[in-house]
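Here my numbering = 1-based position in the sequence shown + 58. Taking it in order: structure first as structure tokens, then the write-up.
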Amino acid sequence: MRWSQTFIPTLKEVPSDAEVPSHQLMLRSGLIRQLMAGAYSYLPLGWRTVRKVARIVREEMDRAGAIEMFMPAIQPIELFEKTGRKDAFGDVLFQFDAKRGDRSLHFALGPTHEEVITDLVSREIRTYKQLPLTLYQIQTKFRNEERPRFGVLRTSEFLMKDAYSFSTSLEELNDIYDAMYKAYCRIFERCGLEYIPVEAESGPIGGDASHEFMVPAPNGEDFVVRCTGCAYAANQERADTGRMSSVLSAVDSAVDPVAVDTPGAGTIDDVSRLLKSDAASFIKTLIYVADGRPTAVLIRGDHEANEGKIRRALGVTELEMADDATVESVTGAPVGFAGPVGLNCDFVADHDIAAIESAIAGANANDTHLTGVIPGTHFELSETHDLRNATADDPCPRCDAKLEIVHGIEVGHVFKLGTKYSEALDANWLDPQEKKHPIIMGCYGIGVTRVVAAIVETCHDEGGIIWPTAVAPYTVELIPLNVTDEITMATANRIYDQLIGAGVEVLMDDRDQRPGFKFKDADLIGLPIRMVVGGKGLKDGIVEVKRRTDSDAARVPVAEAAPHVLKLLK
Ligand SMILES: [Zn+2]
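The following block contains the structure:
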């Protein structure tokens, strides 16, 4: 391809609204342009990389035994009503009405395709003889993100590979899951990404039923808890803290807690400033409504409650923060002064509460806190639970080594779904005795366009992108220094033809621009190999070849130019 004939609108300046490197570099190197918040066009260079990533995904899905198909983005809302995802998605689900004659129809734009594919399978799959089956597609997904941001990392419309497996037993599901997991590892390796498979929310099947694939990146929106000593890694929402349950019995001779005035100090920050004490000596008392019942959750002041863990510890499905009126009715005080002593509702406590020897807590009275609260003595503590997010201070739940927290970009997710969708949509199989069972499902997603952003986010320097060869829009950038010089252009064209003939993807910068200008653009768009033709070198029969990551170019005889590139690519 010749630069003059394609469309690569590079930018010299960093766009002011682009916060993260991938957003800045994808705009500057002419890969993408924004149509509106959350919606981007992929320009020719960007689209080439998207297609290369998609091809790698396809090859590995096919190799793992999945079969490609294609489903509609427009879906009837009734399917989402049947599975309960209309409510679960809320505003994130794009919905719209359309008139057809005198009928008004209600549609959704698919955020994923569990409903559509399970509906299809429920009509077409009858017996165990047709299973197992894994189907996938690469298709545009729609999510009405409240805050689309970071370029194509978080958009309301994005390209995704979604696969769905259908099987008759958990053993079959586990085999498919393992094959998908391995395929994902190969995909991200081939894309040149560093990645961490992490344990994620397990959902209905429980246990080790879900993994996310995270690319470590300082600007990643997800938090990964990783062990410094073993292979343990988990999404922060999921990560166990490695703490143990405690039972505390009352201390006989303990003195009573002391009430102190804390006027207007309703947050831990306020009170710790006022009493000059550390947040770790506070008991944070959070009032929730759990399956309709007010329930308090006790967490150490410097920790963050984890609603997934709380829900599991309580064995409830609905969990939300109580409103002010409920807080006042169970504590007898305005919001901000709840505490475990004399509280008028059930409560659960995190493991670390038991380790606080003398705590500060709300007094369940306006403008008052208690100091010297002894867990197990001033309030009962017969068992404790893991109710909070893990931190870097926690031991690994597997090996006791130190944990660390890293930011990550989620690029893939594999999930054992179980029978949630097959039961809701009546997708069953008959065993040899003609007995009916719900089909056991798994789902497996990769954000194809997000993979591209994650590559740029992690593969760049101050000059621009550094594409891994397998996903680079082109492999070689050929730069004739002076396009008005006949010998230069004749040589460049000859090498161009040789490389193309050898199957190498070449972009020739044939613009009539100064060399410095073209070199800057070459660094910016970041193709793996750059070859410069012209000037004094050419007079000596030499061209300059360098990899994007090399600081110095190799001087190669013109006749050796194409073979040299092929050698570099081996
Ligand atoms: Zn460990």
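Backbone N, C-alpha and C define an ideal beta-carbon position, used for all residues, glycine too.
Between the CA atoms of residue j and residue i - distance to the nearest angstrom
{"i": "Tyr479", "j": "Glu173", "result": "7 Å"}
{"i": "Val313", "j": "Leu356", "result": "22 Å"}
{"i": "Glu257", "j": "Phe405", "result": "28 Å"}
{"i": "Lys238", "j": "Tyr502", "result": "Looking at the sequence provided, one finds Met at residue 238 rather than Lys. Distance between the alpha carbons of Met238 and Tyr502 is about 7 Å."}
{"i": "Ile414", "j": "Ser339", "result": "6 Å"}
{"i": "Arg184", "j": "Gly500", "result": "18 Å"}
{"i": "Val510", "j": "Glu182", "result": "36 Å"}
{"i": "Ile497", "j": "Leu189", "result": "9 Å"}
{"i": "Gly350", "j": "Gly373", "result": "13 Å"}
{"i": "Gly574", "j": "Thr607", "result": "18 Å"}
{"i": "Pro392", "j": "Asn422", "result": "8 Å"}
{"i": "Ala380", "j": "Asn364", "result": "16 Å"}
{"i": "Lys199", "j": "Ile254", "result": "24 Å"}
{"i": "Glu441", "j": "Lys140", "result": "39 Å"}
{"i": "Arg301", "j": "His471", "result": "27 Å"}
{"i": "Lys219", "j": "Thr353", "result": "41 Å"}
{"i": "Ala482", "j": "Ile175", "result": "13 Å"}
{"i": "His436", "j": "Asp360", "result": "21 Å"}
{"i": "Leu54", "j": "Glu204", "result": "Residue 54 is absent from the structure shown; the chain starts at 59 and stops at 628."}
{"i": "Lys625", "j": "Trp525", "result": "18 Å"}
{"i": "Asn447", "j": "Val399", "result": "25 Å"}
{"i": "Gln294", "j": "Asp280", "result": "8 Å"}
{"i": "Pro631", "j": "Ile90", "result": "This structure leaves residue 631 out entirely; the chain is present only between 59 and 628."}
{"i": "Glu535", "j": "Met119", "result": "31 Å"}
Per DSSP, cross-strand counterpart(s) of residue i
{"i": "Lys604", "result": "Arg588"}
{"i": "Asn293", "result": "Val282"}
{"i": "Gly685", "result": "Not covered by the structure: residue 685. The range shown for the chain is 59 to 628."}
{"i": "Thr185", "result": "Leu488"}
{"i": "Asp155", "result": "His164"}
{"i": "Glu257", "result": "His269 and Ala292"}
{"i": "Cys501", "result": "Tyr222 and Phe473"}
{"i": "Leu217", "result": "Thr198"}
{"i": "Ser99", "result": "Arg91"}
{"i": "Gln556", "result": "Gln556 is not bridged to any residue."}
{"i": "Ala348", "result": "Arg351 and Leu377"}
{"i": "Phe25", "result": "In the structure as shown, the chain begins at 59 and stops at 628. Residue 25 is therefore absent and cannot be evaluated."}
Burial state of residue i (16 or more Cβ within 10 Å)
{"i": "Met127", "result": "exposed"}
{"i": "Leu445", "result": "buried"}
{"i": "Cys288", "result": "exposed"}
{"i": "Thr375", "result": "exposed"}
{"i": "Lys367", "result": "buried"}
{"i": "Asn402", "result": "exposed"}
{"i": "Gln133", "result": "buried"}
{"i": "Gly148", "result": "exposed"}
{"i": "Val72", "result": "exposed"}
{"i": "Phe65", "result": "exposed"}
{"i": "Thr325", "result": "exposed"}
{"i": "Ile125", "result": "exposed"}
{"i": "Asp319", "result": "exposed"}
{"i": "Gly159", "result": "exposed"}
{"i": "Ile537", "result": "buried"}
{"i": "Gln195", "result": "buried"}
{"i": "Ile544", "result": "First, the amino acid is wrong: residue 544 is Glu here, not Ile. Under this definition Glu544 is an exposed residue."}
{"i": "Leu93", "result": "exposed"}
Near ligand 1: residue i beta-carbon under 8 Å from a heavy atom
{"i": "Asp327", "result": "no"}
{"i": "Cys243", "result": "no"}
{"i": "Asp451", "result": "no"}
{"i": "Cys454", "result": "yes"}
{"i": "Asp298", "result": "no"}
{"i": "Ala292", "result": "no"}
{"i": "Cys457", "result": "yes"}
{"i": "Gly88", "result": "no"}
{"i": "Cys403", "result": "no"}
{"i": "Gly287", "result": "yes"}
Three-state secondary structure (DSSP) of residue i
{"i": "Ala407", "result": "strand"}
{"i": "Leu483", "result": "coil"}
{"i": "Phe65", "result": "coil"}
{"i": "Thr170", "result": "coil"}
{"i": "Arg109", "result": "helix"}
{"i": "Gly466", "result": "strand"}
{"i": "His443", "result": "strand"}
{"i": "Ile175", "result": "helix"}
Short CB-CB distance (under 9 Å) between residue i and chain B
{"i": "Pro398", "result": "Protein chain content of the structure displayed is limited to a single chain, and chain B is not contained in it."}
heavy atom of ligand 3 below 8 Å from residue i C-beta
{"i": "Ala95", "result": "Among the ligands present in this structure, namely ligand 1, ligand 3 is not found."}
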